[in-house]
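Counting from 1 along the sequence shown, just add 283 to a position and that's the residue number in my numbering. All C-beta atoms, glycine included, are put in the ideal place defined by N, C-alpha and C. As the structure is a prediction and not an experimental result, all values here were calculated from the model. So the structure is just underneath, and the comments pick up after that.
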Amino acid sequence: MNLSIQDKKSLEEIHQLFLKLEKSSGDFSFSETELKKLKTLISALSVCENPDVSRLAPLEKHLTPGMTLKHFVSYAIPFERLLHKNLQDDEFLVVENDREQAESKLPLVFVLDNIRSAFNVGSIFRTAECLGAEKIYLCGYTPLPTQWKVEKTAMGTQEYLSWEEAPKLLECLEELKDEGYRIVALETAASASDLFEKFESEPTAFVLGNERFGLDPEVLKIIDEVRIIPLRGRKNSLNVGVTAAVAGFEWMRQWRLK
Numbered sequence: 284m285n286l287s288i289q290d291k292k293s294l295e296e297i298h299q300l301f302l303k304l305e306k307s308s309g310d311f312s313f314s315e316t317e318l319k320k321l322k323t324l325i326s327a328l329s330v331c332e333n334p335d336v337s338r339l340a341p342l343e344k345h346l347t348p349g350m351t352l353k354h355f356v357s358y359a360i361p362f363e364r365l366l367h368k369n370l371q372d373d374e375f376l377v378v379e380n381d382r383e384q385a386e387s388k389l390p391l392v393f394v395l396d397n398i399r400s401a402f403n404v405g406s407i408f409r410t411a412e413c414l415g416a417e418k419i420y421l422c423g424y425t426p427l428p429t430q431w432k433v434e435k436t437a438m439g440t441q442e443y444l445s446w447e448e449a450p451k452l453l454e455c456l457e458e459l460k461d462e463g464y465r466i467v468a469l470e471t472a473a474s475a476s477d478l479f480e481k482f483e484s485e486p487t488a489f490v491l492g493n494e495r496f497g498l499d500p501e502v503l504k505i506i507d508e509v510r511i512i513p514l515r516g517r518k519n520s521l522n523v524g525v526t527a528a529v530a531g532f533e534w535m536r537q538w539r540l541k
């Protein structure tokens with residue numbers, strides 16, 4: 284049964300209050316005032332004609348100031364499902380226990396060429412900062428962290444990681460070569476080596492191309508090597524953000540063993 288406009292409005296209000304309390308609360312420390320408001324809104328669903336909505340009303344009895352955060356979140360899920368919500372990390376993840384200062388940087392950079400998705404770029408920023416990478420170069424039409432969708436997904440990591448807009452990829456790679464970086468493309472090319480083979484003991488620049496088209500042939504001509512993540516399923520590719528994470532952490536693992 285489809286949701287009416289009023290049902291959607293009521294559910295959205297409840298959902299937003301769930302998110303607000305989740306971000307501002309901890310175990311056994313829920314605001315009684317806000318919680319009472321939430322319980323009242325949920326209880327009011329009992330009069331809704333849509334049975335999928337009205338059946339949620341009894342959940343209000345389970346919301347108490349002394350519950351754990353995990354317990355609280357479990358009761359938010361039915362509302363998210365009914366609204367077909369697909370939350371991103373920044374909508375519910377509260378960052379805790381961040382270090383006051385990062386460890387020394389690794390001689391590793393990421394070069395992103397014509398990445399279309401702001402979400403993917405933000406995800407790579409998070410990965411690179413957590414790895415302790417030196418820098419990210421943003422080439423072509425790759426969105427910058429000054430754009431709110433990238434900033435939102437990066438979750439503040441763009442403030443701790445150096446980045447540079449480099450419109451022309453080939454020029455960027457030539458400069459990195461001159462600075463002593465080994466240029467490694469992450470591609471599904473036939474000539475690619477296994478990611479888990481030994482890396483050379485030198486500064487490395489991982490190059491990732493467009494989610495659909497990859498890197499241009501002229502780019503592959505000037506790089507030092509191509510690496511591929513060995514896969515065992517039927518599909519032959521990974522999301523570019525996942526690829527960056529897998530490659531980055533494998534490179535770090537090998538670097539730490541040197």
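Contact belief for residue i with residue j at Cβ below 8 Å, rounded distance in angstroms
{"i": "residue 475", "j": "residue 511", "result": "4 Å"}
{"i": "residue 499", "j": "residue 466", "result": "Rounded, the Cβ-Cβ distance is 14 Å, inconsistent with contact."}
{"i": "residue 342", "j": "residue 325", "result": "6 Å"}
{"i": "residue 368", "j": "residue 298", "result": "7 Å"}
{"i": "residue 513", "j": "residue 540", "result": "That pair is no contact at about 20 Å."}
Span of the beta strand (DSSP E) around residue i
{"i": "residue 396", "result": "391-396"}
{"i": "residue 510", "result": "508-511"}
Reduced DSSP category for residue i - H, G, I as helix; E, B as strand; rest coil
{"i": "residue 498", "result": "coil"}
{"i": "residue 357", "result": "helix"}
{"i": "residue 403", "result": "helix"}
{"i": "residue 418", "result": "strand"}
{"i": "residue 250", "result": "Since the first residue shown for the chain is 284 and the last is 541, residue 250 is missing from the structure and cannot be characterised."}
{"i": "residue 410", "result": "helix"}
{"i": "residue 288", "result": "helix"}
{"i": "residue 311", "result": "coil"}
{"i": "residue 484", "result": "coil"}
{"i": "residue 367", "result": "coil"}
{"i": "residue 388", "result": "coil"}
{"i": "residue 504", "result": "coil"}
{"i": "residue 341", "result": "helix"}
{"i": "residue 329", "result": "helix"}
{"i": "residue 520", "result": "coil"}
{"i": "residue 346", "result": "coil"}
{"i": "residue 294", "result": "helix"}
Minimum C-alpha distance to residue i - residue among the options
{"i": "residue 421", "options": "401, 431, 334", "result": "401"}
{"i": "residue 334", "options": "365, 495, 462", "result": "365"}
{"i": "residue 535", "options": "443, 486, 515", "result": "486"}
{"i": "residue 415", "options": "349, 441, 424, 513", "result": "441"}
{"i": "residue 444", "options": "409, 527, 514", "result": "409"}
{"i": "residue 285", "options": "336, 322, 437", "result": "336"}
{"i": "residue 450", "options": "435, 460, 424, 438", "result": "424"}
{"i": "residue 318", "options": "328, 494, 344", "result": "344"}
{"i": "residue 294", "options": "316, 307, 328, 308", "result": "328"}
{"i": "residue 339", "options": "360, 350, 320, 354", "result": "360"}
{"i": "residue 454", "options": "287, 394, 307, 477", "result": "394"}
{"i": "residue 301", "options": "322, 310, 311, 288", "result": "322"}
{"i": "residue 397", "options": "391, 368, 427, 290", "result": "427"}
{"i": "residue 412", "options": "527, 539, 291", "result": "527"}
{"i": "residue 287", "options": "431, 355, 488, 332", "result": "332"}
{"i": "residue 362", "options": "296, 314, 354", "result": "296"}
{"i": "residue 491", "options": "452, 482, 389", "result": "452"}
{"i": "residue 461", "options": "471, 469, 488", "result": "488"}
{"i": "residue 448", "options": "530, 430, 312", "result": "430"}
{"i": "residue 480", "options": "458, 520, 538", "result": "538"}
{"i": "residue 305", "options": "494, 292, 358, 330", "result": "358"}
{"i": "residue 509", "options": "483, 517, 516", "result": "483"}
{"i": "residue 311", "options": "346, 290, 350, 292", "result": "350"}
{"i": "residue 405", "options": "419, 437, 418, 289", "result": "437"}
Boundaries (first-last residue) of the alpha helix (DSSP H) holding residue i
{"i": "residue 490", "result": "From DSSP, residue 490 is part of no alpha helix (DSSP H) but of the beta strand (DSSP E) over 487-491."}
{"i": "residue 515", "result": "No alpha helix (DSSP H) holds residue 515; DSSP gives it neither H nor E."}
{"i": "residue 334", "result": "334-337"}
{"i": "residue 319", "result": "315-326"}
{"i": "residue 532", "result": "523-539"}
Checklist entry - For the region 429-481, which segments carrying the beta strand (DSSP E) assignment without a break, of at least 3 residues, lie completely within its bounds, in sequence order? => result You should have 445-448, 465-469.
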